[in-house]
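Numbering (our numbering), first residue to last: 14 to 601.
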Amino acid sequence: MLSLNNAIKLKAKAPLLLHSFTLPTTKITLVFRSVSTPLNETALSLNTTTPNTIPFLPSPFLRCRAAMTTAACVQVKEQIELTETEKKIFDRLLNTLRHFNLQTQLRVAGGWVRDKLLGKECYDIDIALDNMLGSEFVDKVQEYLSTTGEVAQGLAVIPSNPEQSKHLETARMRLFDLWIDFVNLRCEDYSENSRIPTMKFGTAEEDAYRRDLTINSLFYNINTNLVEDFTKRGLEDLKFGRIVTPLPPKATFLDDPLRVLRAIRFGARFDFTLDEELKKAAACDDVKTALAAKISRERIGTEIDLMISGNQPVKAIDYICDLTLFWVVFSFPPKVEPAVSEECYRLSAAYLDASWKLIQLIGCSNFDDEQRRLCLYSALFLPLHSAAYKDRKDKKIPVVNYIFRDSLKRKASDADTVMNIHKSLEKFLSLITSLLSNEDIQLTEVDWGREFDDVPFTSKLRVLTGFLLREIKDFWRVALLISTLLYPTGTECSQDIIDKHFQLDKRKNIFVSVDNAIVKLGLEKVWDLKPLVNGKDIMNVLQLKVGGPLVREWQQKALSWQLAHPSGTAEECLDWMKETHSKRIKME
């Protein structure tokens, strides 16, 4: 069993590896304060303008720290500044303590403290309690508020789920339009044959050492208005931009393998450096096996979605690739055809990088958050767009669909949108040359369908472009962006184009020119175009009593005529239909 004291002794050696600093051969002992040490010896007051000078490191570490002063430092605030809403929330919680004469210490944990010290706003408040369960304290808060005429909203208890590394019961309530989570401080004991811990109340120090990262192990004590750094390095790692685990990284990751992805996400988000020992642990087979076996696909998918939606998606995916986690995260079904190369992930990362850079060149304002997110997914899975497998009913299913729905457990609409974007690429590629030159379209091998056979040659570019945009609607600019990365070589992803670094300036010009051409054709919102004739009109022309495939075919033909004649009227469209139908009958 791994005890806290043993773990702390192990962790005391980590800075030697991290800082590559050779200590004297004499034994050095790091002295950690006991729980009974007075508070003012262990916490950083936020009401002082003096930088953190708590002497918690022996002199060799201080010399190492001084040697690092030439490195760029992160701006860390000396004081946590509470918003008016936060002051009201904390005031109600402290009043609850006074009302019931409770001796409970209330500590805001983790991300809120980190973000506040970095000068960022955070609306995710998690409060750790030292002597009661979250559900018990929420009941007390509710009871106190009832005496003041106030009402707490959204009360809920989320049970623990140790099988999926959700070890804590969490109570939630809504105060002043903010969700607050309450949990008890915990200590975890592991048996030799199990990775599911036995939970019990712990001290703040024990709880801090069980956190995923040192920068997330900081507490803000509401009772005392102090920031508490029980690992003795959370503030320093925050200042120097380091992603480090409080305990040895392999043990930390085996405890909760999702911490691997969280470390990657925070490293990318803040542009912090991953600790070398952390990277070795994240890439080891034991941790990869645990990540695949212990963590639900929903939680993995949520982490990946946060990375893709974040400010540094390319860096996050690069970390996943470098740590050989790509195929663990984006797992495949059996028997994929055509076979996917083991090195395919490099292409995926390269197309993601190119699309991200192209979005910046074109201008982020051209894409909303959802379009940007699904654009990046479309690029990431572009090398897999033709891969498929057969389900139990022997039906051919795209691998991209499996990744979204099974590997990441994302919503079905995400899978459908990305697959529609991939499906549209060949058609878009066949149109780009004509849209760039505004010349008559030269049809390629792409099958557009019979409904376009009667379209006048001079109108085909507008008609085909209009139909394509109606298929992908608001995501047509996403499809255009991905198409420009492939133009003019086609939809087969190539290492050659990557070696040429995509020539993104040229591709930006292609995107802008095609975009302008589509707008000039009046097709920017073509999916909102209302058909001039309806099914009943068509049935009257064809003299049909019931609808069917023939009506659907003529609806498409009528829409083609409408796109080819943007100033045409319903009467003119019906006259054309009658004439065309009459000619077809005579020919038959």
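We treat Cβ as the ideally placed atom computed from N, Cα and C, and that holds for glycine. Owing to the predicted nature of the structure, the values given are computational and were not obtained by experimental measurement.
Would you report the Cα separation of residue 598 and residue 476, rounded to the nearest angstrom? Looking at the two C-alpha atoms, the distance is approximately 25 Å.
Give the straight-line distance between the Cα atoms of residue 348 and residue 314, rounded to the nearest whole angstrom. Counting only the Cα atoms, residue 314 lies some 23 Å from residue 348.
Can you name the residues that DSSP bridges to residue 193? As computed with DSSP, residue 193 is found in a beta bridge with 138, 186.
Given a threshold of 16 other Cβ atoms within 10 Å of its Cβ, counted over all protein chains shown, does residue 473 qualify as buried or as exposed? It counts as buried.
Cα-Cα separation between residue 120 and residue 185, rounded to whole angstroms: Between residue 120 and residue 185, the C-alpha separation is close to 15 Å.
Exposed or buried, residue 339, counting other C-beta atoms within 10 Å across all chains shown (16 or more means buried)? Residue 339 is buried by the Cβ-count criterion.
Same chain, Cβ closer than 8 Å to residue 124, neighbours up to 5 away in sequence not counted: Same-chain partners within the cutoff: 135, 137, 139, 229.
For the ligand ATP, any of its heavy atoms closer than 7 Å to the Cβ of residue 301? Judged by which ligands are present, the structure shown has none, so any question about the ligand ATP falls away.
May I have the straight-line CA-CA distance separating residue 214 from residue 226, to the nearest angstrom? Cα to Cα, residue 214 sits roughly 20 Å from residue 226.
Could you tell me the boundaries of the alpha helix (DSSP H) in which residue 531 lies? Counting along the chain, the alpha helix (DSSP H) containing residue 531 begins and ends at 517-533.
Taking the alpha carbon of residue 594 as the reference point, which residue from 406, 568, 402 has its own alpha carbon closest? Closest by alpha carbon: 568.
Determine the DSSP secondary structure at residue 166, reduced to helix, strand or coil. The answer is strand: DSSP assigns residue 166 an E or B state.
Mapping DSSP to helix, strand and coil, what is residue 213? In this structure, residue 213 counts as strand in the three-state DSSP scheme.
Note down, in chain order, each residue of its chain lying with its Cβ closer than 8 Å to the Cβ of residue 423, except the 5 sequence neighbours on either side. Counting only Cβ-Cβ distances below 8 Å, and skipping sequence neighbours, we find 314, 318, 417.
Once you ignore the five residues that flank residue 537 on each side, which residues in its own chain have a CB closer than 7 Å to its CB? Residues of the same chain with a CB within less than 7 Å of the CB of residue 537, apart from the 5 flanking positions on each side, are 531 in chain order.
Would you mind stating whether residue 287 and residue 280 have Cβ atoms separated by less than 8 Å? If you check the CB distance, residue 287 and residue 280 come in under 8 Å.
Go ahead and label residue 13 buried or exposed: buried means 16 or more other beta carbons lie within 10 angstroms of its beta carbon, across all protein chains shown. Limits of the chain in this structure are 14 at one end and 601 at the other, which puts residue 13 out of reach.
Exposure of residue 366, with buried meaning 16 or more beta-carbon neighbours within 10 Å: In the assembly as shown, residue 366 is a buried residue. Its beta-carbon has 16 or more other beta-carbons within 10 Å.
Do you know how far the Cα of residue 575 is from the Cα of residue 586? Near 7 Å, if we compare the C-alpha coordinates of residue 575 and residue 586.
Can you find the residues in the same chain that come closer than 7 Å, C-beta to C-beta, to residue 554, ignoring five residues on each side of it along the sequence? 587, 590, 591, 594.
Close beta carbons around residue 394, own chain, < 6 Å, minus the five adjacent residues each side: When the five nearest sequence neighbours on each side are left out, the beta carbons in the same chain lying within less than 6 Å of the beta carbon of residue 394 are those of 413, in order along the chain.
According to DSSP, is residue 333 part of a helix, a strand, or is it coil? In this structure, residue 333 counts as helix in the three-state DSSP scheme.
Through-space distance from residue 390 to residue 497, alpha-carbon basis: Distance between the alpha carbons of residue 497 and residue 390 is about 16 Å.
For residue 447, the nearest candidate out of 143, 500, 308 (CA to CA): Of the candidates 143, 500, 308, the one whose C-alpha sits nearest the C-alpha of residue 447 is 500.
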